[in-house]
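**Q** Here's a structure for you.
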Amino acid sequence: MQEYLLLVLAAIFVNNIVLAQYLGNCPFIGTSKSLSVAGGMGAAVVFVATLSTAITWLVQEYLLLPAGLGYLQTIAFILVIASLVQFVEMFLKKMLPPLYRSLGIFLPLITTNCAVLGIALIVQRKEYDFFKAVVFAFASGVGFALALVILSGIRERLDLVRVPRSLKGTPIALILAGLMSLAFFAFKGMIS
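Residues in the sequence shown are numbered consecutively from 835, following the numbering used here.
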């Protein structure tokens, strides 16, 4: 049980998919302007990353490797992720239209979000068993969502203060992301 707890804490804080691994920066910066959009995007990434990692693990273990088609791993994983994103998009469009509209172009971009694909590939590289793969994917998605919500909250507060014109928008967001990565990196001593 302690092994799984350390895996979760490491995936959320120390090896955060966006702040330490630098995956998923486009939606991280793009959807961090509003707290509600960030929460929705974070939840969508958690859901898609967890489910896609579970499915891609099964595809890898029971289809690709036995058939000697390991070289198709990336293409197969992208197809699985694209299918899941379509499912999430249809669900949000029908059940939560305001969230669907607020996510705009970023929801279809989850298909090409390198964080989601990166999580699935990291699981294969580290040769996790199925349960550990799902736990890692969920924790990595939560880490992405946590970083996104924190950045979003800070950016909303920055709208209330004067920021030099040359730093407005993306430049200040990148500076904040760098400072956040330093703060998350402080957990390394506790986890290792």
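For every residue, glycine included, the Cβ atom is placed at its ideal position computed from N, Cα and C.
1. Going by C-alpha to C-alpha distance, which of K966, A872 and F1018 sits closest to Q836?
2. Measuring alpha carbon to alpha carbon, tell me which residue in G1012, I1006 and S974 is nearest A844.
3. By the 10 Å Cβ neighbour count, where 16 or more other Cβ atoms means buried, how is V922 classified, buried or exposed?
4. Alpha carbons only, please: which of V968, G904 and F978 is nearest the one belonging to Y823?
5. Tell me the residue span of the alpha helix (DSSP H) that contains V950.
6. Could you say if the segment 907 to 916 and the segment 939 to 953 meet the contact criterion of at least three C-beta pairs nearer than 8 angstroms?
7. Going by CA-CA distance only, name the one from L980, S870 and S917 that's closest to S886.
8. Three Cβ pairs or more, each shorter than 8 angstroms: is that satisfied between the segment 897 to 904 and the segment 926 to 935?
9. Does DSSP classify K1022 as helix, strand or coil?
10. Of all the options L982, I1006 and A981, which has the alpha carbon lying nearest to the alpha carbon of D993?
11. Return the Cβ separation of L869 and G987 in integer angstroms, given the expectation that the two are a contact with Cβ distance under 8 angstroms.
**A** Reading off the structure:
1. Ranking K966, A872 and F1018 by Cα distance to Q836 puts K966 first.
2. Closest option to A844, judged by alpha-carbon separation, among G1012, I1006 and S974: S974.
3. Buried, because 16 or more other Cβ atoms sit within 10 Å of the Cβ of V922.
4. Residue 823 lies beyond the residue range present for the chain, which begins at 835 and ends at 1026; the question has no answer from this structure.
5. For V950, the uninterrupted alpha helix (DSSP H) run begins and ends at C948 to R959, by DSSP.
6. The segment 907 to 916, when compared against the segment 939 to 953, does touch it at the 8 angstroms Cβ threshold.
7. Minimum Cα distance to S886 is reached at S917.
8. In this structure the segment 897 to 904 does not touch the segment 926 to 935; the number of beta carbon pairs closer than 8 angstroms is below three.
9. Helix, per DSSP.
10. Among L982, I1006 and A981, the Cα nearest to that of D993 belongs to I1006.
11. Contact flag correct, Cβ pair sits at about 6 angstroms.
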